[in-house]
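J.: Numbering (the working numbering) for the sequence shown: 1348 to 1836. For each residue, glycine too, the CB sits at the ideal point set by N, CA and C. As the structure is a computational prediction, the values presented were derived from the model and not from experiment.
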Amino acid sequence: MSAELPQETLDPEDWTQLRSLAHRAIDDGLDYLQQSWRRPVWQPTPADVAAQFHAPLPRAPQGAERAYQDFREQVMPWQMGNTHPRFWGWFMGNGTAFGAVGDFLAAIVNPNMGGGNHVGNLVENQVVDWCKEIVGLPKESGGLLVSGASMANFVALAVARSAGAGIDVRTEGVAALPQPLAFYATTEVHSCIQKAVELLGHGSKSLRKIPVDAQYRFDLAALARAVNADRAAGLQPCAVIGSAGTINTGAVDDLEALADFCSREQLWFHVDGAIGAVVAISTTHRALMRGMERADSVALDLHKWLHIPFEAGCVVVRDRKAHRATFSLTPEYLAHAQRGLAAGADWFSDYGLQLSRGFRALKVWLSFKEHGLDKYARLIDQNIAQAQQLGELVSAADELELMAPVGLNIVCFRYRGRGGTQDELNALNEELLIRLHEGGVVAPSYTKLNGRYCLRAAIVNHRTRSADLALLIEEVLRTGRVLQGAASP
Ligand SMILES: Cc1ncc(COP(=O)(O)O)c(C=O)c1O
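Laid out in structure tokens, this is it:
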């Protein structure tokens, strides 16, 4: 007689108890969002809380109740703050309450979206088709949901490289390229593009950072000169990366002109639309994106201006075959069957690096249905109008200085007060920003433009109201005056 095997499982011993804990967690979560505005935007994690995170690997059970209490006390209160109405750092979405429910439900059904024949594929395909519709590429294009625009840009550039290499680069490797490839973007391009080019094996030198005009957009004459010079020097120009909204100032390259240039020069035209591709849904502002629909590939982010909870980005590639040829690899254990659970000609793992993939499509699918895209468009318009308003408030204040044209929803400015050297103003504004963060009332971010340190507000926030922007100005003026010794704290 064989010995009886253990029959353990991770299911709760008491479903009723877990159900009540889960209901409490949802209530606490919704309270957290509803009350966002009551908390400081940001506050540092206290040292005694941080110390808790050095406890050793928990071998013994603590139970869901205790784990949840730890979350309530040690994690929940010390957040980044990007759910707050006065968070304008980097370029982040707020997330939404129902989007969070979508994440919960995705974890409940928990399919692996790498492959197999199940309804999740229909959901993701539909979401990807919706993204194609947003950016204006045909339904026959390839596409994939990814973690965010960094990965979307990487996937797109990998396809561009494979398609333009002139050799089977997957087999031969970059060392076999007859001519080194070159890629073109502006000095304002996001760092993830450089990382992608580096990781594809071309070296950062092969990414030509072309100068920008006064609006921080591609200098097209300089681009043409660079491509000609590279050809003359024996390099093979491969792809041009246009920015539909740059991270520093929200500048949108002339995408129509770039499309013309790429078609004349037979270059791959990629659009990094992490910030602005979704502006195409706005009837008021969509003209800015004209030309994007002619791209060979587009990266867009759903966790930014569409406020899908992190992570959610999408890559769309016009040439579906080229997209598949760059990533598809089907060993015996992943062969696609004719029928049954393993059926399906196309698995998502054929279009990207990941095999195991989460069901991020669900929160997008639910959120789009919940609100409808017209509402998202109005919120984009609202943020763009708020950025204009903030720009006007800055211009109207003698002690402040607008540092760049307001692009989309991004405002770069600084406190000048009585003035000073560039170094003094840089140091003053750097300290000012940290004080704003530590004050917990407002959280803009920062950049440097032509060596000048700027406060930078990227209004990607469906909770921001005009009064919040007035408060930002008030706080900057108050803190700037304190730092210049022009008033008491
Ligand atoms: C223009 C641009 N491209 C790419 C990215 C990278 O996107 P993600 O953080 O979603 O990977 C960002 C992030 O802010 C961005 O602003």
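With DSSP as the reference, identify every bridge partner of Glu1471, one or two as the case may be.
T.: The partner list for Glu1471 (beta bridge, DSSP) is empty, contrary to what the question assumes.
J.: Taking its Cβ as the centre, do 16 or more other Cβ atoms sit within 10 Å of Gly1687, making it buried, or is it exposed?
T.: With fewer than 16 other Cβ atoms within 10 Å, it is exposed.
J.: On the premise that Asp1607 lies in contact with Ala1646, defined as a C-beta separation below 8 Å, what is that separation, rounded to the nearest angstrom?
T.: So it is not a contact: roughly 21 Å between Cβ atoms.
J.: In terms of residue numbering, what span does the alpha helix (DSSP H) encompassing Ile1455 cover?
T.: From DSSP, the alpha helix (DSSP H) with Ile1455 extends over Ala1444 to Val1456.
J.: Taking 7 Å as the line, does the beta carbon of Phe1715 fall inside it for any heavy atom of ligand 1?
T.: Phe1715 Cβ: outside cutoff for every heavy atom of ligand 1.
J.: Would the beta-carbon of Thr1533 be found less than 7 Å away from any heavy atom of ligand 1?
T.: No; taking the cut-off as 7 Å, the Cβ of Thr1533 has no heavy atom of ligand 1 nearer than that.
J.: Is the separation between the beta-carbon of Ala1744 and that of Ile1820 shorter than 8 Å?
T.: For Ala1744 and Ile1820, yes; Cβs fall inside 8 Å.
J.: Under three-state DSSP, which class holds Val1658?
T.: Note on identity: in this sequence residue 1658 is Glu, with Val being the wrong assignment. In the structure shown, Glu1658 sits in coil (DSSP, three-state: anything other than H, G, I, E or B).
J.: Where does Asp1395 land, buried or exposed, given buried means 16+ other C-beta within 10 angstroms?
T.: By the neighbour-count rule (16 or more Cβ atoms within 10 Å), Asp1395 is not buried but exposed.
J.: DSSP on Pro1836, reduced to helix/strand/coil?
T.: Reliability of the predicted coordinates at Pro1836 is poor, the pLDDT of 45 falling under 50, and no value is obtained from them.
J.: What are the uninterrupted segments assigned as alpha helix (DSSP H) that are 4 or more residues long and contained completely in the segment 1461–1534, given in chain order?
T.: Segments of the alpha helix (DSSP H) lying fully in the segment 1461–1534: 1466–1482, 1496–1511 and 1516–1519.
J.: Skipping 5 residues on each side, what residues in its chain have a beta carbon closer than 7 Å to that of Ala1684?
T.: Excluding sequence neighbours, Ala1684 sits near Ala1690.
J.: Suppose you measure from the CA of Phe1530 to the CA of Arg1611; what does that come to, to the nearest Å?
T.: Approximately 16 Å, taken between the alpha carbons.
J.: Taking 7 Å as the cut-off, is the CB of Cys1539 close to at least one heavy atom of ligand 1?
T.: Yes, the Cβ of Cys1539 comes within 7 Å of a heavy atom of ligand 1.
J.: Around the C-beta of Pro1836, are 16 or more other C-beta atoms found within 10 angstroms, so that it is buried, or is it exposed?
T.: Confidence is the limiting factor: at Pro1836 the pLDDT is only 45, short of 50, which leaves the residue's position unreliable, though a coordinate-based value still follows. It is exposed - the Cβ of Pro1836 has fewer than 16 other Cβ atoms within 10 Å.
J.: Determine which residues share a DSSP beta bridge with Ala1690 and list them.
T.: Paired residues: Ala1684.
J.: What are the complete alpha helix (DSSP H) segments, minimum 4 residues, inside the segment 1388–1434?
T.: Runs of the alpha helix (DSSP H) inside the segment 1388–1434: 1394–1398 and 1411–1417.
J.: If distances are taken between C-alpha atoms only, which option among Trp1712, Arg1564 and Glu1487 comes closest to Val1470?
T.: Ranking Trp1712, Arg1564 and Glu1487 by Cα distance to Val1470 puts Trp1712 first.
J.: Between Asn1500 and ligand 1, is the CB less than 7 Å from at least one heavy atom?
T.: Yes; taking the cut-off as 7 Å, the Cβ of Asn1500 has a heavy atom of ligand 1 nearer than that.
J.: To the nearest angstrom, how far is the alpha carbon of Trp1425 from that of Phe1400?
T.: Rounded to the nearest angstrom, the two C-alpha atoms are 13 Å apart.
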